[in-house]
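Numbering (this note's numbering), first residue to last: 26 to 203.
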């Protein structure tokens with residue numbers, strides 16, 4: 026007498042375990058590279074944001090503030106009369122400190138009593154003779170900190186630069202990006 030005939034289609038438990046372990050090994054090898062790529066992309070975005078702030082400050086200084094700079098990001102986000110275009114995009118000007126691509130970006134300038142009223146409504150004595158801006162990562166595993174000042178050189182360090190960054194001159198720590 027013959028026994029029942031079993032259908033041999035499908036995978037054995039051993040084959041499924043082998044495939045799952047291979048997928049796990051490949052994922053473990055790829056994950057660090059994926060995280061590094063993400064950190065690099067976030068750092069590139071922070072550098073681009075600082076360059077945008079610096080070029081916006083130059084435009085503001087030459088066209089709107091008689092050689093003075095904006096004291097904060099929201100002021101750069103105010104369009105002058107007769108135009109709908111502010112000096113900087115809303116994603117960088119909605120607050121004094123903004124979160125963008127994993128970095129906290131902030132900018133300040135010390136007000137100068139000699140500053141005239143600006144074309145976008147900033148009161149006399151409120152504009153700054155210089156400025157500083159910084160980008161600090163929000164994720165503790167990203168150790169690239171950036172800052173720029175009115176000299177328009179971006180500096181990088183493994184610790185925050187913003188607090189010690191002078192509005193004019195070289196910071197006490199960090200190195201310029203090439």
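We treat Cβ as the ideally placed atom computed from N, Cα and C, and that holds for glycine.
All figures in this text were calculated on a predicted structure; none of them were measured in a lab.
| Query | Result |
| --- | --- |
| Limits of the unbroken alpha helix (DSSP H) element including residue 161 | First-last for residue 161: 157–162, but that is the beta strand (DSSP E), not the alpha helix (DSSP H). |
| Same chain only: Cβ atoms within 6 angstroms of residue 158, ignoring 5 sequence neighbours per side | 75, 78, 132, 173 |
| Contacting residues, own chain, Cβ-Cβ under 6 angstroms from residue 180 (five flanking each side not counted) | 172, 186, 196, 199, 201 |
| Separation of residue 183 from residue 167, as counted between CA atoms | 9 angstroms |
| Neighbour-count burial assignment, residue 45, 16 or more Cβ in a 10 Å radius | exposed |
| Helix, strand or coil at residue 142 according to DSSP, with G and I counted as helix | coil |
| Three-state class that DSSP yields for residue 87 in the structure shown | helix |
| Closest by C-alpha distance to residue 148, when choosing among 65, 161, 137 | 137 |
| Reference residue 98, options 153, 38, 165, 191, closest by Cα | 153 |
| Boundaries of the beta strand (DSSP E) in which residue 133 is found, first to last residue | 128–133 |
| 8 angstroms Cβ shell around residue 72 - same chain, five flanking residues per side excluded | 160, 171, 179, 202 |
| Neighbourhood of residue 118 by C-beta, 7 angstroms cutoff - its chain only, sequence neighbours within 5 removed | 98, 99, 101, 102, 111 |
| Endpoints, alpha helix (DSSP H) assigned at residue 209 | Absent from the structure is residue 209, since the part of the chain shown begins at 26 and ends at 203. |
| Member of 194, 145, 127 whose CA lies at the smallest distance from the CA of residue 69 | 127 |
| Integer Cβ distance of residue 175 from residue 155, believed to fall under 8 angstroms | 4 angstroms |
| Residue 56 versus residue 49 - alpha carbon distance | 10 angstroms |
| Span separating the alpha-carbon of residue 40 from that of residue 47 | 11 angstroms |
| Nearest neighbour of residue 145, chosen from 134, 53, 108 [CA to CA] | 108 |
| Per DSSP, the bridge partner or partners of residue 153 | 94, 136 |
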